[in-house]
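Enquirer: Residues 944 to 1361 in my numbering are what the sequence shown spells out, letter by letter.
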Amino acid sequence: MNVALRPQPSTFDARLDRLGEVAVRVGLGLAPGQELLITAPLDAVPLVRRITEHAYRAGASLVTTLLNDDVATLARFEHAPDGAFDTAPGWLFDGMAAAFRGGAARLAIAGENPSLLAGQDPARVARANRARSAAYRPALELITGFGINWTIASFASPAWARTVFPDLPEDAAVARLWDAIFAASRIDAPDPVAAWAEHNAALRARTATLNAHRFAALHFHGPGTDLRVGLSDGHLWLGGAETAKNGITCNPNIPTEEVFTTPHSRRVDGTVRSTKPLSYQGTLIQDITVRFEGGAIVDAQARAGQEVLRKVLDTDEGARRLGEVALVPHSSPISASGLLFFNTLFDESAASHIALGQAYRTCLEGGTTASEAELAERGANSSLIHIDWMIGSCDVDVDGIDAAGQAVPVMRRGEWAA
Ligand code: ZN
Ligand code: ZN
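Here it is as structure tokens:
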């Protein structure tokens, strides 16, 4: 099969082009005749152009891109009237939802400055996020419910690179971040599309094993952590590629290393300590320790960013409860890089994690057609937020607890037990 193998691309332009190809062919699985909606930071235009070309080559009928500009976002927080922070462009999100209902695929490029809003009033940031989340919800449900094929890929913007490598000159920081993105996205493999097929098969085998166990709960234990996470009734483990309701198989995250499912919103008890800082809207929330009772966080401490954490927990009723639990081995390539990316797409691929807030319908048997009431009854949480934070490390063990209460080793010292 060596005719199909291409040499490893040496130039930056060739690697960027490959990332564009992987985003379209692996990330989206774009079908001929499909429309594509892209959102991206202004810096990411070179990647948007590569993706757009690959999309048209794959038969896209129309590619539409919405660019956002960090400088303009900052201008709002610095100069807009205080009363204006509960405003969101509902008309835009309604239009996005209409595009998805009409069959458009969705590609988001992550790469914004993680510290953009660090100096802004946390209350204003929280209000703006709340308004945006509420307006975006109908479109977001079509995405997270896999009504359409979608994906997220990344672009190493200078501001992001400076945050990850504060001690390097900007050019060197950007180059290092690109190397990390290309490696994690399997762009440097001889055949990236084949490498993704192999990776997806390995993740599928892992989810099949976990689904066969039908665990009632997971028990995390490690330094500062003794947490029992009950799993929702009829939960499903997912990871890697997914087949959307339109029949198209996509890889929603480029890169990805996690397998994940839906915890039971009322059956989480114990204490858990974060193993990596959580970067949230420009604030670094560090050394989080929280205690759960009956599924809800009843005590939350953080060495840094505690005020922001408290505001997040007060977003709504579901913000104190879990919507996701995910397992990632400590030896995953992103974890092995030793970097903190200040970007969930990468950091959640570096360690086992939990997410506060909204659950994924797709992680429940029959979940995409079940009513909201049934989902809630089975333990699926509902919230305007979904925030992942890392609780796994080489010091954390995980047991599966079966229906009879017996513990089965799942992870030992951060690695798969079997
Ligand atoms: Zn996750
Ligand atoms: Zn998540």
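Even for Gly, the Cβ is constructed at its ideal location relative to N, Cα and C.
Ligand 2 and Glu1364: does any heavy atom of the ligand fall closer than 7 Å to the residue's C-beta?
Expert: Nothing in the structure corresponds to residue 1364, since the chain is present only between 944 and 1361.
Enquirer: Would you tell me roughly how many angstroms separate the C-alpha atoms of Arg961 and His1142, rounded to the nearest one?
Expert: Spanning the two alpha carbons is a distance of roughly 17 Å.
Enquirer: Thinking C-beta only, is Cys1306 closer than 8 Å to Leu1170?
Expert: Contact: no.
Enquirer: Run the proximity test for Asp1331: is its beta-carbon closer than 7 Å to any non-hydrogen atom belonging to ligand 1?
Expert: Yes; taking the cut-off as 7 Å, the Cβ of Asp1331 has a heavy atom of ligand 1 nearer than that.
Enquirer: When you compare only the Cα positions, how much space is there between Thr1205 and Glu1236?
Expert: Cα to Cα, Thr1205 sits roughly 18 Å from Glu1236.
Enquirer: Evaluate contact between the segment 1273–1286 and the segment 1244–1251, counting only Cβ atoms and requiring at least three cross-stretch pairs below 8 Å.
Expert: No: the two stretches stay apart, fewer than three of their Cβ pairs being nearer than 8 Å.
Enquirer: In three-state terms, what does DSSP make of Arg1209?
Expert: Note: Arg1209 maps to strand in three-state DSSP.
Enquirer: Is Ser1336 buried or exposed, if buried means 16 or more other CB atoms sit within 10 Å of its CB?
Expert: Ser1336 should be labelled buried.
Enquirer: For Thr1232 and Gly976, I'd like the C-alpha separation in whole angstroms.
Expert: When rounded, the distance between both Cα atoms is 49 Å.
Enquirer: For Gly1183 and Ala1323, what's the separation of their Cα atoms in angstroms?
Expert: Each residue's alpha carbon lies about 21 Å from the other.
Enquirer: Which of the three DSSP states, helix, strand or coil, is assigned to Ala1061?
Expert: Three-state DSSP puts Ala1061 in coil, outside helix and strand.
Enquirer: What's the gap between the Cα of Ala1123 and the Cα of Ile1130?
Expert: Roughly 10 Å separates the two Cα atoms.
Enquirer: Please indicate yes or no: does the CB of Ala1298 lie closer than 7 Å to some heavy atom of ligand 2?
Expert: Because some heavy atom of ligand 2 lies under 7 Å away, the Cβ of Ala1298 counts as near it: yes.
Enquirer: To the nearest angstrom, report how far apart Pro1032 and Asn1194 are at their CA atoms.
Expert: Those two C-alpha atoms are separated by around 28 Å.
Enquirer: Label Gly1190 either buried or exposed according to how many other C-beta atoms from any shown protein chain fall within 10 Å of its C-beta, with 16 as the threshold for buried.
Expert: By the neighbour-count rule (16 or more Cβ atoms within 10 Å), Gly1190 is not buried but exposed.
Enquirer: Under a CB-based cut-off of 8 Å, is Thr1199 close to chain B?
Expert: Note that chain B does not occur in the displayed structure, where there is just one protein chain.
Enquirer: Assign Arg1072 to one of three DSSP states: helix, strand, or coil.
Expert: One point to set straight first is that residue 1072 is Asn, not Arg, in the sequence displayed. In the structure shown, Asn1072 sits in a helix (DSSP, three-state: H, G or I).
Enquirer: For Ala1346, tell me which candidate among Gly1173, Ala1127, Ala1061 has the shortest Cα-Cα distance.
Expert: Checking every option, the nearest Cα to that of Ala1346 belongs to Gly1173.
Enquirer: Classify Trp1332 as helix, strand or coil using the three-state DSSP reduction.
Expert: Looking at Trp1332 - three-state DSSP - the assignment turns out to be strand.
Enquirer: Determine the contact status of Ser1292 and Leu1270, defining contact as a CB-CB distance below 8 Å.
Expert: The answer is no: Cβ separation not under 8 Å.
Enquirer: Report the residue ranges of all beta strand (DSSP E) runs contained in full by the segment 981–1056; include only those spanning at least 3 residues, in chain order.
Expert: Runs found: 1005–1011, 1048–1053.
Enquirer: Just verifying my parser: in three-state terms, what is the DSSP assignment at Val1351?
Expert: The answer is strand: DSSP assigns Val1351 an E or B state.
Enquirer: By Cβ distance, which residues of its chain are closer than 6 Å to Ala1102, with the 5 residues on each side in sequence left out?
Expert: Excluding residues within five positions, the ones whose Cβ falls inside 6 Å are Asn1056.
Enquirer: On the premise that Gly972 lies in contact with Thr1192, defined as a C-beta separation below 8 Å, what is that separation, rounded to the nearest angstrom?
Expert: Confirmed, about 5 Å.
Enquirer: My guess is that Leu1221 and Val1202 are in contact by the Cβ rule of under 8 Å, so how many angstroms apart are they, rounded?
Expert: Not a contact, Cβ separation roughly 21 Å.
Enquirer: Drop a sphere of 10 angstroms on the beta-carbon of Asn1443, count the other beta-carbons inside from all chains shown, and report buried for 16 or more, exposed for fewer.
Expert: Coverage of the chain is limited to positions 944 through 1361, which leaves residue 1443 absent and any answer about it impossible.
Enquirer: Taking DSSP as the reference, what is the three-state secondary structure of Tyr1223?
Expert: Looking at Tyr1223 - three-state DSSP - the assignment turns out to be strand.
Enquirer: Starting from the C-beta of Thr982, find all residues in its chain whose C-beta is less than 6 Å away, skip the five residues before and the five after it, and write them out in chain order.
Expert: Cβ within range, chain order: Leu1009, Ala1051.
Enquirer: So, Ala1127 versus Pro1024, is the Cβ gap smaller than 8 Å?
Expert: No, Cβ-Cβ distance for Ala1127 and Pro1024 is not below 8 Å.
Enquirer: Can you tell me which of Trp1093, Phe1125, Glu1320 puts its alpha carbon nearest to the alpha carbon of Ser953?
Expert: For the residues Trp1093, Phe1125, Glu1320, the minimum Cα distance to Ser953 belongs to Phe1125.
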